[in-house]
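Note that the sequence shown covers residues 1 to 300 in this note's numbering.
Glycine is no exception: its CB is placed at the ideal position from the N, C-alpha and C atoms.
If you're wondering where the values come from, they're calculated on a predicted model, not measured in any experiment.
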Amino acid sequence: MKTTRKCRALLSVSMNLLALFFSITAFITTYWCVGTQRVPKPKCTKLRTHNCIDYGVNETDPKVVVYSWETGDDRFLFRQFHTGIWFSCAENIHDEGEKCRSFIDLAPASERGVLWLSVVSEMLYIVLLIVGFSLMCLELVHSSTSNMIDGLKLNAFAAIFTVLSGLLGMVAHMMYTQVFQVTVTLGPADWRPYNWDYGWSFCMAWASFTCCMGASVTTLNSYTKTVIEFRHKRKTFVQSIRKEQAREALGHYRDHSLHSISQTVEVYTQTPYSSGIRTHIPAAPLDLSEVPGTLGEDQC
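Have a look at this one:
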């Protein structure tokens, strides 16, 4: 039983640790959503000679009108971007590297309250995962000892905290997804994506939720099985004690009955001599040949 409990506890701890690692990684990274943005091509310079618009004239004279023969999508540059809970980063078309902006500032004013609520929920989700992980580690320590009651209490609290953290994580992920979809439509025009999709941070966030719920189910299953096994063993132990007590009582009753019968027989055999009453003991068998023949004649 201890080996089975320990295996289940190890599985719960492993899944909770994975959920904690995935959630922290998704919370601090900026790859929840990835895609491209369509921005006008910059003017060509000495340092930038490709993916730019070359007017071919001296642009220092304000009286000179410049023209570009590029039309449609040829006039635009498609740059990669990635967005997380905190920041949205995109390629810098004027220089190397990336340019990041606060996603909270990009979100519409009507959605900032929901965004902050999702951030707080995500933080509480991580905190509850840490609490559940700590309780599971303590329960794992108690599973190797004989203190089963304390282990069951820790198991129950760990399951409760893990379930609550999973629910908070699910709500946080859904709220952030809603905020991002609204920001795509109502956000700043220079930020709006041309096309986008969910990134690996988003996948890690939902993988964290999956591991969290798996850990909670495993913990509840371990608690239920341990309680059932404990009750079964206690019932079996009580029944064995009752059978042993009944066997001892039956043996005691048999011994007591035999002792009472022996005392009764002993008292019965000693009673005639002590009371002065003689017991008539039959004599030896009478031989009919010794009876006088005249007995019959006298009776006649």
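Where residue i falls, given that 16 or more other Cβ within 10 Å makes a residue buried
{"i": "glycine 276", "result": "Because glycine 276 sits at a pLDDT of 46, beneath the cut-off of 50, its placement in the model cannot be relied upon, and the point is left open."}
{"i": "isoleucine 85", "result": "buried"}
{"i": "glycine 97", "result": "exposed"}
{"i": "methionine 15", "result": "buried"}
{"i": "asparagine 155", "result": "buried"}
{"i": "alanine 109", "result": "exposed"}
{"i": "isoleucine 126", "result": "buried"}
{"i": "serine 240", "result": "exposed"}
{"i": "threonine 4", "result": "exposed"}
{"i": "threonine 224", "result": "exposed"}
{"i": "threonine 183", "result": "buried"}
Own chain partners of residue i with C-beta closer than 6 Å, once the 5 adjacent residues on each side are dropped
{"i": "serine 134", "result": "none"}
{"i": "methionine 170", "result": "Phe209"}
{"i": "histidine 173", "result": "Ala205"}
{"i": "alanine 215", "result": "Ser12, Met15, Asn16 and Thr162"}
Contact set for residue i: own chain, Cβ-Cβ below 7 Å, skip 5 residues either direction
{"i": "tryptophan 200", "result": "Tyr31"}
{"i": "leucine 220", "result": "Ala159"}
{"i": "glycine 132", "result": "Asn16, Ala158, Phe161, Thr162 and Ser165"}
{"i": "phenylalanine 27", "result": "Ile85, Glu122 and Ile126"}
According to DSSP, residues forming a beta bridge with residue i
{"i": "serine 118", "result": "Partner(s): none; serine 118 has no beta bridge."}
{"i": "threonine 83", "result": "Cys33 and Ser88"}
{"i": "valine 39", "result": "Leu77"}
{"i": "tyrosine 198", "result": "Cys33"}
{"i": "glutamate 98", "result": "Glu91"}
Own chain, CB closer than 8 Å to residue i, minus 5 neighbours either side, in chain order
{"i": "leucine 140", "result": "Lys6, Ala9, Leu10 and Val13"}
{"i": "arginine 79", "result": "Thr36, Gln37, Val39, Ala90, Glu91 and Ile93"}
Closest Cα partner of residue i within the set the options
{"i": "threonine 210", "options": "Leu154, Leu129 and Val238", "result": "Leu129"}
{"i": "lysine 99", "options": "Ser88, Glu244, Leu106 and Val184", "result": "Ser88"}
{"i": "threonine 185", "options": "Gly151, Val131, Gly132 and Ala107", "result": "Ala107"}
{"i": "proline 42", "options": "Cys33, Phe76 and Val34", "result": "Phe76"}
{"i": "proline 188", "options": "Phe103, Thr29 and Trp196", "result": "Phe103"}
{"i": "tyrosine 194", "options": "Phe27, Ile241 and Cys33", "result": "Cys33"}
{"i": "threonine 29", "options": "Lys225, His82, Val217 and Leu138", "result": "His82"}
Touch test, the stretch 156 to 165 against the stretch 115 to 123, Cβ-Cβ under 8 Å, three pairs minimum: Judged by Cβ distances under 8 Å, the stretch 156 to 165 makes no contact with the stretch 115 to 123, as fewer than three pairs qualify.
Sufficient close CB pairs (3 or more, under 8 Å) joining the stretch 168 to 180 to the stretch 109 to 120: They touch, by the three-pair rule.
Three-pair Cβ contact test at 8 Å for the stretch 18 to 38 versus the stretch 203 to 217: Segments in contact, yes.
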